[in-house]
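Data block below; observations after.
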Amino acid sequence: MEIREKVIEIIAEQAVLEPSDVKMDHTLEDLGIDSLGLVESIFAIEEAFDISVPFNANDPSESDFDISSVSAIIDAVSKLVSEKV
Amino acid sequence: MRRVVITGAGTINALGHDVAQTFEAMREGRCGIGPLEIPDVDRLMVKIAGQVRNYDEHAHFNRQQIALYDRFTQFTLLAARQAVAQSGLEFHGELADRSGVVLGTSGGGLTTQDENYRVVYEEGKNRVHPFIVPKLMNNAATSHLSIEFNLRGPSFTVATACASSNHAMGQAFQMIRSGMAPVMLTGGSESMLVFGGVKAWEGLRVMSKDGCRPFSANRNGMVQGEGAGVFVFEDYEHARKRGATILAEVIGFAMSSDASDIVMPSKQGAGRAITGAMRDARIDKSEVGYINAHGTGTAANDKTESAAVADAFGPHADKLMMSSTKSMHGHLIGGTGAVELLACIMALKDGIIAPTINYEEPDPECALDVVPNEAREANVDVVLTNAFAFGGLNAVLALRKAP
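For the protein sequence lines, the chains are A and B, in the order given.
Numbers 307 to 391, taken from our numbering, label the letters of the first sequence in order.
Numbers 755 to 1157, taken from our numbering, label the letters of the second sequence in order.
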């Protein structure tokens, strides 16, 4: 649960919302997070969990990191954290 | 209004240490991008760049000069020496008093900054070399050209990120056209391939790890380059009277600001600079045969630039050629417009259009003739060169064959 709460906190801060307003099925677009906000969120996630997120802003859909919804991002972060040695 | 011509050109970049080598590489569609060789490269995610290779500063400068010349200044001086030698000009008396230097750079002396931050932060030293400030300042290259060639007129440095060189050359053009100066050294330089410079770009996540493929559907970002391009811009009457060889004429310039987003490009802003340059040059769009694209190889730039050109030219967009030479020399950031002006001169003077190399898959959003992979012979009279910077600052120049 800790990962989920931290990711939501990061996303909420970027969207200027309360964490309780961020729903699992929200897309970044729903939350008003643009490309710069996304890159900043990924940086914050990398710093918070000490992971490296494979993400290229030139083609987010082909990056090996699902950003299609809040729950997808949490799953992707959880996977990266579990793979961390 | 006075006419403005180019009577000298010089460069050092990933494709060569002079103009002839650069033209040859562009004709052959050779790629100057390769493994990045700098300290701590293993800590970078991006490990490729268009680096200037086989370069030994001691072969060109003595110890006292190296203490004052950052790598970006060294590149500028080497390019300027070639350009001034080609022009045949010497600056004395009134000519020296009225002629000047205007150059573009984005980062200035970044090698000096990077090395000295290491000294004070990483190594914990409390003392740096006394010349760090004059070595790293953005106007150092401009000042050293002024000193070396005795240019005592209007001189300054322009910093508009990736459009710096085009903005600089636009200023030089306007100063000669208005009669303010008879001759200007202009162009730009960049040397950002240091650990901090690449690391900063990496953070934005717009860099490719495997190559620069402008306009290709499988493009995945930009690749940094380094180097300089310097030109002698001269009042046409001044050049004609002394029988100078003219490489090309500069006929128009326009700049615009997107006034929208700090990194995302705007079709409207780019389009206004393109149409503005044609209006300033008093040409019809049907006269333009070639555009040297900004063509960074990012998803956003290439589709926005293609759309801006399609809008600005209408049906003529399908008849003109537009290539990105960044595919070969990389993105020189503040110096890029200067090296790219060489492709324009080659098109006008030699009738050879430099290709967009690494072109692998058509992208319906970039459906123009991008001169894929192989140079092409073509007789063009008028060309444009685009530069669209982060911050939404755009600058486009128009050139014509030598009169």
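Using N, Cα and C, we set each Cβ at its ideal position, and we do this for glycine too.
So, is residue i buried or exposed, given that buried needs 16 or more other C-beta atoms within 10 angstroms?
i	result
A:Met330	exposed
B:His1083	buried
A:His332	buried
B:Gln818	exposed
B:Pro1109	buried
B:Met1009	buried
B:Asp1012	buried
B:Tyr875	exposed
B:His883	exposed
B:Ala774	exposed
B:Arg1036	exposed
B:Thr999	exposed
B:Asn816	exposed
B:Asn892	buried
A:Glu389	exposed
B:Val758	buried
B:Glu1059	buried
A:Val383	buried
B:Gly847	exposed
B:His1161	For chain B, the structure presents residues 755 to 1157; residue 1161 of chain B sits outside this window and is missing.
B:Gly933	exposed
B:Pro936	buried
B:Arg1154	buried
B:Gly1032	A small fix is needed here, since residue 1032 of chain B is Met in this sequence, not Gly. Counting Cβ neighbours within 10 Å, B:Met1032 comes out buried, since at least 16 surround it.
B:Arg797	exposed
B:Arg973	buried
Provide the residue span of the beta strand (DSSP E) that contains residue i, from first to last.
i	result
B:Ile820	Where B:Ile820 is concerned, there is no enclosing beta strand (DSSP E), although the alpha helix (DSSP H) it sits in stretches over Arg817 to Ile820.
B:Met1032	Taken as a continuous stretch (DSSP letters only), B:Met1032 belongs to no beta strand (DSSP E), being part of the alpha helix (DSSP H) at Lys1021 to Ala1035.
B:Glu1003	Ala1002 to Ser1011
B:Asp796	Careful: B:Asp796 lies outside any beta strand (DSSP E) and carries neither H nor E.
B:Leu1151	Leu1147 to Arg1154
B:Phe777	Premise fails: B:Phe777 lies in the alpha helix (DSSP H), Val773 to Glu782, not in any beta strand (DSSP E).
Taking DSSP as the reference, what is the three-state secondary structure of residue i?
i	result
B:Tyr1113	coil
B:Val855	strand
B:Pro789	strand
B:Gly764	strand
B:Glu877	coil
B:Ala998	coil
B:Phe1142	strand
B:Arg807	coil
B:Glu848	helix
B:Val937	strand
A:Glu353	helix
B:Asp1123	strand
A:Ile373	coil
A:Ile335	It is worth fixing the name first, because residue 335 of chain A is Glu in this sequence and not Ile. Coil, per DSSP.
B:Arg931	helix
B:Ile1099	helix
A:Glu324	coil
B:Ile1016	coil
B:Glu1041	helix
B:Glu1131	strand
B:Val759	strand
Alpha helix (DSSP H) containing residue i: first to last residue?
i	result
A:Val376	Val376 to Glu389
A:Ala318	Glu308 to Ala321
B:Leu832	Arg825 to Ser841
B:Leu890	Ile886 to Leu890
B:Asn870	Leu864 to Tyr871
Examine the ligand NAD and report whether any of its heavy atoms sits within less than 7 Å of the Cβ of residue i.
i	result
B:Asn1148	With respect to small molecules bound, the structure shown includes none, and the ligand NAD cannot be examined in it.
For the segment 1135-1148 of chain B against the segment 1019-1027 of chain B, are there 3 or more C-beta pairs whose distance is under 8 Å?
yes
Tell me the start and end of each unbroken beta strand (DSSP E) in the segment 896-924 of chain B that is at least 3 residues and wholly inside, in chain order.
909-912
Cβ contact (3+ pairs, closer than 8 Å) linking the segment 835-849 of chain B and the segment 915-934 of chain B:
no
Which runs of the alpha helix (DSSP H) fall wholly inside the segment 1044-1094 of chain B and span at least 4 residues, in chain order?
1053-1067 and 1080-1083
Within the chosen definition, does the segment 1069-1079 of chain B reach the segment 898-908 of chain B through at least 3 CB pairs nearer than 8 Å?
no
Report the residue ranges of all beta strand (DSSP E) runs contained in full by the segment 943-996 of chain B; include only those spanning at least 3 residues, in chain order.
981-989
Are the segment 761-778 of chain B and the segment 974-983 of chain B touching by the rule of at least three beta carbon pairs closer than 8 Å?
yes
Are there three or more Cβ pairs, one per stretch, closer than 8 Å when the segment 1128-1139 of chain B is compared with the segment 1028-1045 of chain B?
yes
Members of the segment 795-822 of chain B that neighbour chain E once the beta carbon cut-off is set at 9 Å:
No chain E appears in this structure, whose protein chains are A and B.
Is the segment 961-976 of chain B close to the segment 1113-1120 of chain B, with three or more CB pairs under 8 Å?
yes
Do the segment 911-920 of chain B and the segment 856-869 of chain B meet, that is, are 3 or more Cβ pairs less than 8 Å apart?
yes
Report yes or no: do the segment 940-951 of chain B and the segment 1097-1116 of chain B share at least 3 C-beta pairs separated by less than 8 Å?
no
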